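Protein chains in written order, with the working numbering: chain A, 1 to 114; chain B, 1001 to 1113. We put the CB at the ideal spot given by N, CA and C, even for glycine. In this text the structure is predicted, and so the values were computed from the model without any measurement. Following: one structure in structure tokens, then a few remarks.
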Amino acid sequence: GENVEQHPSTLSVQEGDSAVIKCTYSDSASNYFPWYKQELGKRPQLIIDIRSNVGEKKDQRIAVTLNKTAKHFSLHITETQPEDSAVYFCAAGYGGTSYGKLTFGQGTILTVHP
Amino acid sequence: ETGVTQSPTHLIKTRGQQVTLRCSSQSGHNTVSWYQQALGQGPQFIFQYYREEENGRGNFPPRFSGLQFPNYSSELNVNALELDDSALYLCASSLGGLGETQYFGPGTRLLVL
């Protein structure tokens, strides 16, 4: 089955700096890669996703890049703010089929210091 | 548009008991996936229901079972509870059987003593 590795497990940055979180996946059939943000005691919230026919996607301060050949994808947050502090999860799945299992990484605890 | 809701929010059970967790999908969504999130871990896929049929299952024993109703709400049942079943149980709804763009509910925190 699919295996998703996420690094780093913790990331501490100063406000205004950039943050990068990286994930690798094992199953080349995976074609859908969402990122979720989970604040303490709250539900995971989808912040951005990318499909395998796209190499990069951007939404304001957040961008995701995908390298299908190397089977890795990354989340980039620019101009970080204290409210970006949360746990971030990457996931890989089979979008476009009838089977929708998402395999999640272990999470990255991002702390943005004012 | 109504978001995903789950009940109850918290639950305490003892080992060997049975529990039923409930999920109402987002308006217009016909697919519900269930995940178990242990403390400090990413969510792990339990199973998915699409139009009232199980549509894929993760590596969980048969004592984890589910149901989806005609209104697309869903239940997760766990029999013979074990201490390791203590976790946050999340459901996520999505449109169609595609499983992509899953929107999560707030979760049910289960503690097994």
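query	result
At least 3 beta-carbon pairs within less than 8 Å: the segment 1042-1056 of chain B vs the segment 1025-1034 of chain B	yes
Residue range of the beta strand (DSSP E) that includes A/G93	A86 to G93
Cβ shell of A/K57 (< 6 Å), same chain only, five flanking positions each side left out	I50 and V64
Nearest neighbour of B/F1060, chosen from B/L1021, B/V1078, B/T1101 and B/V1112 [CA to CA]	B/V1078
Beta-carbon proximity of B/L1011 to B/C1091, cut-off 9 Å	no
Chain A residues whose Cβ lies nearer than 8 Å to that of B/P1106	K42 and R43
Local conformation of B/L1021 per DSSP, three classes	strand
Contact check, A/Q45 vs A/Y32, beta carbons under 9 Å	no
Alpha-carbon to alpha-carbon, B/Q1026 and B/E1001	Note that B/E1001 scores 48 on pLDDT, short of 50, meaning its location in the model is unreliable; the coordinates nonetheless yield the value given after this. Roughly 7 Å between the two C-alpha positions.
Nearest candidate by alpha-carbon position, reference A/D83, set A/K101, A/S28 and A/Q14	Per the sequence shown, the amino acid found at residue 83 of chain A is Glu instead of Asp. Minimum Cα distance to A/E83 is reached at A/Q14.
Below-9 Å beta-carbon distance, A/A91 vs any chain B residue	yes
Beta-ladder partner(s) of A/Q174, from DSSP	The requested residue 174 of chain A is not part of the displayed model; chain A covers only 1 to 114.
Reduced DSSP category for B/L1083 - H, G, I as helix; E, B as strand; rest coil	helix
Element boundaries [beta strand (DSSP E), containing B/S1065]	F1064 to Q1068
With 16 other Cβ atoms within 10 Å as the buried cut-off, status of A/T108	buried
Near the ligand COA: B/Y1049 beta-carbon under 8 Å from a heavy atom	With respect to the ligand COA, the structure shown offers nothing to examine, as it has no ligands at all.
Inter-residue Cα distance where the pair is B/F1064 and B/E1054	12 Å
Start and end residues, beta strand (DSSP E) containing B/G1056	E1053 to R1057
Residue closest to B/E1024, alpha-carbon to alpha-carbon, out of B/Q1006, B/T1108 and B/L1113	The question names Glu, yet the displayed sequence has Ser at residue 1024 of chain B. When each option's Cα is compared against that of B/S1024, the closest is B/Q1006.
Span of the beta strand (DSSP E), counted from its first residue to its last, around A/S72	According to the sequence displayed, residue 72 of chain A carries His and not Ser. Element bounds for A/H72: H72 to I77.
Neighbourhood of B/T1014 by C-beta distance below 6 Å, restricted to the same chain and skipping five residues each side	L1113
Rounded distance between the beta-carbons of B/Q1044 and B/G1058, thought under 8 Å	6 Å
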